[in-house]
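> A single structure is presented below for examination.
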Amino acid sequence: MGAAALPGKSLQLRLVVSSVDSACSAPALSSDGPASACDRAGVTTYELAKSLGVDTPTSVELTLVFGSTSEAKQVAADVGASATP
Numbered sequence: 404m405g406a407a408a409l410p411g412k413s414l415q416l417r418l419v420v421s422s423v424d425s426a427c428s429a430p431a432l433s434s435d436g437p438a439s440a441c442d443r444a445g446v447t448t449y450e451l452a453k454s455l456g457v458d459t460p461t462s463v464e465l466t467l468v469f470g471s472t473s474e475a476k477q478v479a480a481d482v483g484a485s486a487t488p
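Take 404 as the starting number for the sequence shown in the numbering used here and just add one per residue.
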């Protein structure tokens with residue numbers, strides 16, 4: 404998918420202490436201390452350690468491997484990118 408600019412988007416670095424596959428309703432992270440967080444689908448709860456720091460990348464390179472061309476095209480369409488099978 405190539406490199407993408409992320410102006411002003413910082414990432415908080417944390418270790419995942421544990422995870423549980425169950426419904427998750429944890430609030431958005433609001434402090435640098437230990438906390439719980441949900442995956443995007445809300446089906447896994449992650450216990451996170453305190454923040455190890457913050458980094459603001461200038462670009463991100465992402466490579467994904469799919470089982471089929473149609474799967475790659477669907478994900479590309481979902482994120483508004485082009486697919487190169």
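Glycine residues also receive a C-beta, built at the ideal position from the N, C-alpha and C atoms.
Please report the straight-line C-alpha distance between ALA509 and THR448, rounded to a whole angstrom.
With the chain represented from 404 up to 488, any question about residue 509 goes unanswered, as that position is not in the structure.
> Check whether the Cβ atoms of ASP481 and VAL446 lie closer than 8 Å to each other.
The residue given as residue 481 occupies position 78 in the sequence shown. The residue given as residue 446 occupies position 43 in the sequence shown. In this structure, VAL446 does not lie closer than 8 Å to ASP481 by Cβ.
> Along the chain, where does the alpha helix (DSSP H) containing ASP481 start, and where does it finish?
As a first step, residue 481 must be located in the sequence shown, where it is residue number 78. Segment 472-482, the alpha helix (DSSP H) holding ASP481.
> Quick check: what's the CA-CA separation for SER439 versus ALA479?
Along the sequence shown, one-based indexing puts residue 439 at 36. Along the sequence shown, one-based indexing puts residue 479 at 76. SER439 and ALA479: Cα-Cα distance of roughly 30 Å.
> What do you reckon, are the CB atoms on SER454 and ASP435 nearer than 8 Å?
As a position in the sequence shown, residue 454 is number 51, starting the count at 1. As a position in the sequence shown, residue 435 is number 32, starting the count at 1. It is a contact, given that the beta carbons lie within the stated cut-off.
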